[in-house]
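Here is the structure we will look at.
In full-length UniProt numbering, the protein residues as written are 1 to 458.
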């Protein structure tokens, strides 16, 4: 039987009606059942599309002209939305973004986890879905003899020209990046050049405590010595009183990794502080801290609700990081045990427990999949296990250890619906029932969605 050829050819222009949208934010239109994926279009729209790539079972297109617009199309407020790619959904109304994310979670649970008939609630969104990010890491370059800062263009290491602001960044971060760039330029501090591995200033990182108005500036340099260090510090601290910490991070390697191994305080404190709910957190240059604290509180409140604590329970928090969820849980549990593989994060977690006078929590460095079976052998029987793994999801050894421990409830916090679905399937096969899933919009204007799932023993 002859192979059926795709019904379109590269560089052909076709008229398409878009029926759906992918988890990456691309519109999906079909020609005789053959799907074409096209960025920056919405379901219900029609447009002229140039075919740019043809594979056996699907192809990719570029929108040339919209002939029928969706009522959910909005004008992106960002001037470099298309070049940047950091946000994928600024052309979509916020209501539609939330609906898309709920549908994405439902479809992923069904397709990957074969989990149906589980309530996936409407996504908990933000009242104002802009200017929410409390941390920026932005590369520094040179153009026409002047320092420039801006995100890289999609799939390149070319800094976007004329990028003065980012509409999902805290405005303080924007102002601080601009101030560092301007002052460093006046002082003659050179930008790092990837081509010949020369120059000084690689990246500028700014972290802001949105509840405390404290700001940390981190200067990532190729060199140990930062030229004109004292003048730079003086101008920044005299002009911007919210700056509480100026840090240098040295990264001598020729690498895409932003931070190097050596960090030192140039001025002020090692930490800035912020609060989520009633809990205060110390944040260092390399701490993992959620970038959207208001939505983090929404997420953790839901995790706490699902944990259903009365004050008599023992809780294990795997992948505890700097103790954010652990300290929330400790407010309502008898005892909380936190596990994290990164030693620095556990040091921060212990400091955060002291900072809040929370004494019913203990933190351990190690791999959760190794520590949980050992605890089981020691007779520890938690009532609730909370997991908040990275995007790759839970290690299967950890899932099996959780099943062996037989807690009454498992609360799974996830930043990746695909690995959540996979892991819920394993836990379901091990005797747990997924009761409900609550998506939370931690990253408006992007395709990412966070979820909290509640599982109980059958």
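Positions of the beta carbon are idealized from the N, C-alpha and C atoms, including for glycine. A quick note: this is a predicted structure, and the numbers were derived from the prediction, not measured.
In the structure shown, residue 107 adopts helical secondary structure according to DSSP, grouped into three states. Counting C-beta atoms within 10 angstroms of its own C-beta, residue 408 has fewer than 16 neighbours from the protein chains shown and is therefore classed as exposed. Three or more pairs of CB atoms, one per stretch, sit closer than 8 angstroms, so the segment 284-293 contacts the segment 249-265. The Cβ atoms of residue 123 and residue 439 sit closer than 8 angstroms to each other. Looking from the CA of residue 9, the closest CA among 22, 23 and 57 belongs to 57. Taken in chain order, the whole beta strand (DSSP E) runs of length 3 or more contained in the segment 311-360 are 314-318 and 335-340. Around the C-beta of residue 257, fewer than 16 other C-beta atoms lie within 10 Å, and the residue is accordingly described as exposed. If you keep only unbroken beta strand (DSSP E) runs of at least 3 residues inside the segment 33-86, you get 34-38, 46-54 and 59-68. Counting only runs of 4 or more residues that sit fully inside the segment 248-305, no alpha helix (DSSP H) segment turns up. The beta carbons of residue 45 and residue 18 sit closer together than 8 angstroms. In the structure shown, residue 393 falls within a coil segment according to DSSP collapsed to helix, strand and coil. In the structure shown, residue 439 adopts extended strand secondary structure according to DSSP, grouped into three states. Its Cα nearest to that of residue 155, the residue 83 stands out among 292, 345, 443 and 83. The beta carbons of residue 320 and residue 363 sit about 7 angstroms from each other, so the pair counts as a contact at 8 angstroms. Here residue 145 carries a coil assignment [DSSP, helix/strand/coil].
Exclusion of the five residues before and after residue 397 leaves 369 as the residues of its chain whose Cβ lies within less than 6 angstroms of its Cβ. Under the rule that a run must span 4 or more residues, the alpha helix (DSSP H) segments found entirely inside the segment 370-418 read 396-405. Rounded to the nearest whole angstrom, the CA to CA distance from residue 357 to residue 412 is 27 angstroms. Looking at the DSSP output, residue 209 bridges to 214. Among the bridge pairs identified by DSSP, residue 18 is matched with 29. Under the DSSP assignment, residue 180 falls in the alpha helix (DSSP H) whose first and last residues are 171-187.
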